[in-house]
Each structure stands twice: as structure tokens, then as C-alpha cells.
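J.: Have a look at the structure that comes next, please.
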Amino acid sequence: MPPRPAPQSTPATAGSFLLAFGPGARACVSSARGHEVSVEGDLAIAAQGAVQQGRTPDGTRWIALADLIEGELAAGAGALDAQVPPQRHWRGRFAQVLWRPGERRIAACTDHFSTLSLYVCQRGDTLLLATDLRLIAASGLCARRTDPTAIYHYLNFSCIPAPYTIYDDVRRLSPGTRLRWDAALQARQDRYFIAEYPEDLDGSDAELAATLRERMVASVEAWRPPGATDWGCFLSGGTDSSSIVSILARQQPDTQVRTFSIGFAEEGYDELGFARTVAEACRTEAYSARVDSGQAVALVGKVVDAYDQPFGNSSAIPSMACAELAAEHGIRVLVAGDGGDEIFGGNERYAKDRVMEAFYRLPRPLRGLGRALGGLAGRSPLHLLQRMHNFTERASLPNPDRFYSDHGFGSEYYARLLQPELRARVERDASLAFMREVYALGSPASTLHRIMRLDLYMAIAQNDLVKVEGACRAQAITTRFPYLDPDLVDFTGRLATRCKVRGLNKRHLFKLATASLLPQEILNKKKHGFGLPIAVWLRRDADFQQMVRDILFDARSAERGVFQTAFLETLLAEHMRGSWDHAEEIWQLLVLELWLRKHEDRA
Numbered sequence: 005m006p007p008r009p010a011p012q013s014t015p016a017t018a019g020s021f022l023l024a025f026g027p028g029a030r031a032c033v034s035s036a037r038g039h040e041v042s043v044e045g046d047l048a049i050a051a052q053g054a055v056q057q058g059r060t061p062d063g064t065r066w067i068a069l070a071d072l073i074e075g076e077l078a079a080g081a082g083a084l085d086a087q088v089p090p091q092r093h094w095r096g097r098f099a100q101v102l103w104r105p106g107e108r109r110i111a112a113c114t115d116h117f118s119t120l121s122l123y124v125c126q127r128g129d130t131l132l133l134a135t136d137l138r139l140i141a142a143s144g145l146c147a148r149r150t151d152p153t154a155i156y157h158y159l160n161f162s163c164i165p166a167p168y169t170i171y172d173d174v175r176r177l178s179p180g181t182r183l184r185w186d187a188a189l190q191a192r193q194d195r196y197f198i199a200e201y202p203e204d205l206d207g208s209d210a211e212l213a214a215t216l217r218e219r220m221v222a223s224v225e226a227w228r229p230p231g232a233t234d235w236g237c238f239l240s241g242g243t244d245s246s247s248i249v250s251i252l253a254r255q256q257p258d259t260q261v262r263t264f265s266i267g268f269a270e271e272g273y274d275e276l277g278f279a280r281t282v283a284e285a286c287r288t289e290a291y292s293a294r295v296d297s298g299q300a301v302a303l304v305g306k307v308v309d310a311y312d313q314p315f316g317n318s319s320a321i322p323s324m325a326c327a328e329l330a331a332e333h334g335i336r337v338l339v340a341g342d343g344g345d346e347i348f349g350g351n352e353r354y355a356k357d358r359v360m361e362a363f364y365r366l367p368r369p370l371r372g373l374g375r376a377l378g379g380l381a382g383r384s385p386l387h388l389l390q391r392m393h394n395f396t397e398r399a400s401l402p403n404p405d406r407f408y409s410d411h412g413f414g415s416e417y418y419a420r421l422l423q424p425e426l427r428a429r430v431e432r433d434a435s436l437a438f439m440r441e442v443y444a445l446g447s448p449a450s451t452l453h454r455i456m457r458l459d460l461y462m463a464i465a466q467n468d469l470v471k472v473e474g475a476c477r478a479q480a481i482t483t484r485f486p487y488l489d490p491d492l493v494d495f496t497g498r499l500a501t502r503c504k505v506r507g508l509n510k511r512h513l514f515k516l517a518t519a520s521l522l523p524q525e526i527l528n529k530k531k532h533g534f535g536l537p538i539a540v541w542l543r544r545d546a547d548f549q550q551m552v553r554d555i556l557f558d559a560r561s562a563e564r565g566v567f568q569t570a571f572l573e574t575l576l577a578e579h580m581r582g583s584w585d586h587a588e589e590i591w592q593l594l595v596l597e598l599w600l601r602k603h604e605d606r607a
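This is the structure in C-alpha cells:
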């Protein structure tokens, strides 16, 4: 497949807009500081940065943040009427709102994975749409009532998944969703894109691997930013970012790709050695830095400022550090490898789920015996034996409950963690019920493909993309995600599950397709992720420990009505003696409290 032509100007999505429609429109946009405001009757717009606006020949108006490699924003007007909006066939990132003056009708679309957010709030006859939740929060229309269900989802997922937001009267459009609103029928939404898995491609491994490589190369080359000076790549040392760097380097051998990597001094967390291997093999212009606990503490405040909702994924810290490093070297666009695990079959839990599925399919008496033995092991203070108990408990569940049990901090410790007033407002299974709804999306598919689709909509769209976009937006950097190209996602859905996970071998076809692109050391490496060594810092760094205690154990936190301080003491004690790793959960609680102090206590 030949590469499609790339745009000739530097892409930009660093900006924001607020659109208000109705009798209160003018007042709603007046609080948007630093934004250019325009008012036409009962329509008001506040825009800043790379926002694009236009009008079609039939009079349809539109406003958008967008970085398209295929599709025209003016053609998006079909979203007002068409059964399938034109945006389904676009390739790129976008958040677009369209309307016809005088008709009192509006349509809004986010891209296939909501890499750019759109929020909606309605009060009476006034409707707000914005790309940043803080614009709506400051408008005066939003009541700013914290949604207890959103907080509970945050404690289980480390983020607040769409359509929820931290406020109970604001909603975020879900991935691949169109919103249509008119004064008579109010708002209604429909999904125009859901990843599907027909598994209808046949062929030998060699044939399929060659085709996959061709499609990967075409996607990466299509997403290559124009020019040669103001863009670069995230390079973690993992297979996805490494393969993208390799493809880009081979496409134009005379032009050095610039790469940016972050590491840590702590063993088991640092991948700079792998990043260096790729950089040398691809002859990149490589930049790297290490983050220590002191720098992480300094970056916590930046995380709270950068994200318009509480965001508890600790890898936001290295992501922000990497974006800062890139900005220092004049980078305006970064290419990222997010989505590769979820379309090629690279997550460790996919192979683990196969083992659990085998246990789940055992005859009931054998499964019961295994659970009994696991229960005995769970009484031990030893981490290994507790993991045995955890395995037998989880493997006894069907999916998606089994998959959810890998996340559910809030639900696992529901009675001990949450204060009574919060428990009275949120059912213990609220987050599980939400995951079941997501798991049920789309056409029937194999178990592996259903959890891969679940990951695309939860781990990727709601978490990883929010992380990268927030970190880069804080530096006015645009991000591109070639492996989330809808054309490539559609293609990988046609590959059988055996092409992704074969036995316990992950990324089976991907490894064949990239054998000549990547050093063998990278293909065979164990997955590390992009996490923060909080577990080590909590045990060894007195300043880091003190920072956590100063925030989580003071009166403001106790009065918040979210978590019980006595249980936090238990979590910390278990973590400090090494019987269990609660670092991520403690980090989530820390960020939540800091975000609420910053954005709500001062409201």
C-alpha cells in the first residue's frame, strides 16, 4: 500500500474552545480568560490557539481542533443529518462542533478514540460544548457538584471514564461518538465507530506478516509530520515506539529522527538502555533524562495543573518530563506508539487471561479445590502466596468481571476504604457494571478480541491518551498516534486471534512483521511500561514519604468525605513491610486530593 500524502503545514491541536448556545450564551463565555470571544445573537464562542473555524456553501458553521491526514472539516456538516457521519471515514484527530444558524440544531463529534475531548453541559435552554472541562466549570452554568460515581470510577480505573466527568451535570463524549442537539428534542448520542473483529483474513504466517508490515509502514508514513526540524518521537525502548522510529528512519535515511526518552535510577523501571539501543540502530538524534523522587514531587503540582480532571496514572510524571524535554529542544509535534499493545496483542494480561480461562473451564470440583487452596495461601503474609490466592479468585470469574478484578481498588476495599456517606451514594458494583457495558459494545467476537476492544476503550481512550495529550498540551505540543489510525485498527480486526496471542507468545504476527525493523534485543525484551518507581520511593525516600503523609493524613483530607484515614495507615503499613504493593493506589489518592484542593476548594 503506497503512503498517502502528508499535509504540508505543521499540524497543531494546542488550543481550546467553548461554544455557548442559548439565552445565557454571552455570560457563559465571558469567563474564558485568554480566549478570543465572538457573539452572534444567542451564539457565543471563546477560542484560543490552534482552533479552526469555517462556513460551508450551504451556510453550516463549524469550529474544531483537528489534525487530519484524510478528510475535510467542511465536509463534516453531514454529521447534522447523515445516518453515518462523514467523520467515520476520516483519519486523524478532531473535536468538531457544527450548526446551522437559525435552525437551532447542533452536531458534535470526537475522533475514533477521543484523543481530543469534547464536554457538554445543558441548563435550561442554554447548551455548552468545550474542549476543556475547566472552561465549562468557570462558565457559571455548571453547578460544580462533584459526582460520587465519577470519584468511585476514578478509584477503580485511575481516571474518570467518559461519559462521566468530575461534575454530575457535565458529560464527556465517548470515543467515536456523535452528539446531536436541537431545541425540541434535546440531546441524543450515537456511536459511529466501534472496533470490530470479523477475523476474515486467511493466509500463512509469512503472508499475513508481510501484509501487516505493509499496513503498519503505510500508517506510520501517513502520520509522519511534515518538515524535519520541529517534530520528534517518544522513545520508551518498547516495541511500539521503537518500531515507529525505525519505520520513520528508514523512510528518509538522510534525515535524522529526533527521539526523547525518560528513565529512572531504580532497577526494573529504567529502559534507557533499550531506548539507546534503538537510537543507535536507527541513528537518531537522541535526547534523554532521568527523573528522581525529588523531581517527581516537583512535577506533581504540574500534573494537577495539566489535567482538567483528576488523573491518577503515575506515568503522567515521566510523560510530562518527556514532553518538557522535547519542548526545550523546540519540538512542536511528538509521534507516540500508544495503541500497539491493544491492536497487536502485546499486553501481558492477554496471555495471563488465557491461563485464567483454562482454570475457569476446569470441572467445578477441581476449580473449587483450587479456590480452597488459594484461600489458604491468602492467609499468609508472604506476597507470593497472596498472589496465588489472587489468581484462583480472579480465574474463577467470567469476563469481563475477571478482567475488571485487575483494576478494582475502590470495589475491592469498598467498605474499608470509602467513608459511609460516599458508600451511601455509590453501589459497590458501579464500576464493574460500567465495564460490563463497555465489554458488550460491538458485534460478537472471541474472548481475546473482546478484552482487546475493552482495552482500546478503557486503557487507551480513557487513560493512556488522556495522559499523553495532557502532558503534551501543557507544553503546546501536538501528538500523533499512528497505531490508532482507524484504517490500521480495522485491518488488525480482520486478523485471527492466533495472529496476536499464540499460546503464551504475545504479538506473534507483529514480531514476524518487524523482525527486520527491530533489534532482537527489543523484540525479546520483557515489557516494563512507563511507570513511576513510587513503590521504591515510598519505602526508601523520607521526603517522598513525608509529602504523602502531609497530604493524605491532614484534616482537609479526612473531612473530604471520600476515604477513611485509618485504612490508609493499613495500606502504607502493608506497603512498607513489603507484603503488598499499594504504591499506585496511594498515588491515586494523593492526586485526587491535590486536584480537589486546587480546583474545588478554591472555586
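Offset between the sequence shown (1-based) and my numbering: plus 4.
The C-beta atom is built at its ideal place from N, Cα and C for all residues, glycine as well.
Do the region 142-154 and the region 221-229 make contact, defined as three or more Cβ pairs closer than 8 Å?
T.: With the cut-off at 8 Å, the region 142-154 and the region 221-229 do not touch.
J.: Determine the DSSP secondary structure at residue 170, reduced to helix, strand or coil.
T.: Looking up residue 170 in the sequence shown gives position 166. Coil.
J.: Alpha carbon to alpha carbon, how far is residue 520 from residue 65?
T.: Locating residue 520 in the sequence shown gives position 516, where the first residue counts as 1. Locating residue 65 in the sequence shown gives position 61, where the first residue counts as 1. C-alpha separation (whole angstroms): 48 Å.
J.: Leaving aside the five residues before and after residue 248 along the sequence, list all residues of the same chain whose C-beta is less than 7 Å from its C-beta, in chain order.
T.: Locating residue 248 in the sequence shown gives position 244, where the first residue counts as 1. Around residue 248: 224, 237, 339, 341, 486.
J.: Can you check which of these residues, 492, 441, 572, is closest to residue 199 by C-alpha distance?
T.: Taking the first residue of the sequence shown as 1, we reach residue 199 at position 195. Closest by alpha carbon: 492.
J.: According to the Cβ coordinates, are residue 176 and residue 123 closer than 8 Å?
T.: Here residue 176 refers to the residue found at position 172 of the sequence shown. Here residue 123 refers to the residue found at position 119 of the sequence shown. Contact: yes.
J.: How would you label residue 269, buried or exposed, when you count the other beta carbons within 10 angstroms and need 16 or more for buried?
T.: Translated into the one-based positions of the sequence shown, residue 269 becomes position 265. Classification of residue 269: exposed, given that the 10 Å Cβ count is below 16.
J.: Report yes or no: do the region 292-308 and the region 448-459 share at least 3 C-beta pairs separated by less than 8 Å?
T.: Contact between the region 292-308 and the region 448-459 is absent, because fewer than three Cβ pairs lie under 8 Å.
J.: So the beta strand (DSSP E) residue 66 belongs to, where does it begin and stop?
T.: Indexing the sequence shown from 1 puts residue 66 at position 62. Per DSSP, residue 66 belongs to the beta strand (DSSP E) from 65-74.
J.: Just to confirm, is the Cβ distance from residue 4 to residue 458 under 8 Å?
T.: Past the edges of the chain, shown from 5 to 607, lies residue 4, and the structure says nothing about it.
J.: Just to confirm before moving on: does the CB-CB distance between residue 41 and residue 54 stay below 8 Å?
T.: In the sequence shown, the residue the question calls residue 41 occupies position 37. In the sequence shown, the residue the question calls residue 54 occupies position 50. No, Cβ-Cβ distance for residue 41 and residue 54 is not below 8 Å.
J.: I need the DSSP call for residue 259, collapsed to helix, strand or coil.
T.: Looking up residue 259 in the sequence shown gives position 255. Coil.
J.: Cβ atoms of residue 542 and residue 552: under 8 Å apart, would you say?
T.: Mapped onto the sequence shown, residue 552 falls at position 548. Mapped onto the sequence shown, residue 542 falls at position 538. Result yes, Cβ atoms of residue 552 and residue 542 sit closer than 8 Å.
J.: Determine the DSSP secondary structure at residue 288, reduced to helix, strand or coil.
T.: The residue labelled residue 288 in the question sits at position 284 within the sequence shown. Of the three classes helix, strand and coil, the one that applies to residue 288 here is coil, per DSSP.
J.: Consider the C-beta atom of residue 62 and the heavy atoms of the ligand PLP; say whether any pair is separated by less than 7 Å.
T.: Judged by which ligands are present, the structure shown has none, so any question about the ligand PLP falls away.
J.: Should residue 398 and residue 360 be called a contact, given that it needs their Cβ atoms to be closer than 8 Å?
T.: Numbered from its first residue, the sequence shown carries residue 398 at position 394. Numbered from its first residue, the sequence shown carries residue 360 at position 356. Closer than 8 Å, so yes.
J.: Sort out for me which residues DSSP pairs residue 467 with in a bridge.
T.: Translated into the one-based positions of the sequence shown, residue 467 becomes position 463. None, per the DSSP bridge assignment.
J.: Taking 8 Å as the cut-off, decide whether the C-beta atoms of residue 111 and residue 182 are in contact.
T.: To locate residue 111, count along the sequence shown from 1; it is residue 107. To locate residue 182, count along the sequence shown from 1; it is residue 178. Yes. Within cutoff.
J.: In this structure, how does DSSP classify residue 6 when only helix, strand and coil are distinguished?
T.: Taking the first residue of the sequence shown as 1, we reach residue 6 at position 2. Confidence is the limiting factor: at residue 6 the pLDDT is only 33, short of 50, which leaves the residue's position unreliable and the question unanswerable from this model.
J.: Alpha carbon to alpha carbon, how far is residue 462 from residue 409? Give it in angstroms, no decimals.
T.: Indexing the sequence shown from 1 puts residue 409 at position 405. Indexing the sequence shown from 1 puts residue 462 at position 458. About 14 Å.
J.: Taking just the CA atoms, how far does residue 98 sit from residue 7?
T.: Here residue 7 refers to the residue found at position 3 of the sequence shown. Here residue 98 refers to the residue found at position 94 of the sequence shown. The pLDDT assigned to residue 7 is 35, lower than 50, so where the model puts this residue is not dependable, and the model offers no usable value.
J.: For residue 165 and residue 600, what's the separation of their Cα atoms in angstroms?
T.: As a working note, residue 165 is residue 161 in the sequence shown. As a working note, residue 600 is residue 596 in the sequence shown. Computed Cα separation, rounded: 17 Å.
J.: Locate the beta strand (DSSP E) running through residue 20, then write down its first and last residues.
T.: Sequence index remark: in the sequence shown, residue 20 carries index 16 (1-based). Residue 20 -> beta strand (DSSP E) spans 19-25.
J.: How should residue 11 be labelled, buried or exposed, when 16 other C-beta atoms within 10 angstroms of its C-beta is the threshold for buried?
T.: Within the sequence shown, residue 11 is the residue found at index 7, counting from 1. Low confidence applies to residue 11: its pLDDT is 41, below 50, so where it sits in the model is not reliable, and the reading given next is rough at best. Classification for residue 11: exposed.
J.: Determine, using beta carbons only, whether residue 120 and residue 17 come nearer to each other than 8 Å.
T.: The residue labelled residue 120 in the question sits at position 116 within the sequence shown. The residue labelled residue 17 in the question sits at position 13 within the sequence shown. Yes, they are a contact pair.
J.: Return the Cβ separation of residue 348 and residue 526 in integer angstroms, given the expectation that the two are a contact with Cβ distance under 8 Å.
T.: Mapped onto the sequence shown, residue 348 falls at position 344. Mapped onto the sequence shown, residue 526 falls at position 522. At roughly 14 Å, the Cβ-Cβ gap does not stay under 8 Å, so residue 348 and residue 526 are not in contact.
J.: Roughly how far, in whole angstroms, is the beta-carbon of residue 130 from the beta-carbon of residue 26, given that I think they are within contact range, below 8 Å?
T.: In the sequence shown, counting from the first residue as 1, residue 130 sits at position 126. In the sequence shown, counting from the first residue as 1, residue 26 sits at position 22. About 3 Å; that satisfies the 8 Å criterion.
J.: Compare the Cα-Cα distances from residue 438 to each of 407, 419, 564, 581 and report the closest residue.
T.: On the sequence shown, position 434 is the one that residue 438 refers to. Nearest option by C-alpha distance: 407.
J.: Report yes if the CB atom of residue 353 is closer than 8 Å to the CB atom of residue 363, and no otherwise.
T.: For this step, residue 353 is matched to residue 349 along the sequence shown. For this step, residue 363 is matched to residue 359 along the sequence shown. No, these two residues do not count as a Cβ contact at 8 Å.
J.: In whole angstroms, give me the CA-to-CA distance for residue 604 and residue 558.
T.: One-based indexing of the sequence shown puts residue 604 at position 600. One-based indexing of the sequence shown puts residue 558 at position 554. Their Cα atoms are separated by approximately 17 Å.
J.: For the beta strand (DSSP E) containing residue 96, list its first residue and its last residue.
T.: By 1-based counting over the sequence shown, the position of residue 96 is 92. Run containing residue 96: 95-103, per the beta strand (DSSP E) assignment.
J.: Any idea what DSSP makes of residue 432, helix, strand or coil?
T.: Taking the first residue of the sequence shown as 1, we reach residue 432 at position 428. Looking at residue 432 - three-state DSSP - the assignment turns out to be coil, as it is neither helix nor strand.
J.: Going by beta-carbon coordinates alone, are residue 469 and residue 209 separated by less than 8 Å?
T.: Counting from 1 along the sequence shown, the entry for residue 469 is found at position 465. Counting from 1 along the sequence shown, the entry for residue 209 is found at position 205. Contact: no.
J.: Just the Cα atoms here: how many angstroms apart are residue 70 and residue 128?
T.: Numbered from its first residue, the sequence shown carries residue 70 at position 66. Numbered from its first residue, the sequence shown carries residue 128 at position 124. Whole-angstrom Cα-Cα distance: 30 Å.
J.: Quick check on residue 146: does DSSP put it in helix, strand or coil?
T.: Residue mapping note: residue 146 aligns to position 142 of the sequence shown, counting from 1. The answer is coil: DSSP assigns residue 146 none of H, G, I, E or B.
J.: By the DSSP assignment, the alpha helix (DSSP H) with residue 221 in it spans what residues?
T.: What you label residue 221 is simply residue 217 of the sequence shown in a count that begins at 1. That run of the alpha helix (DSSP H) goes 209-226.
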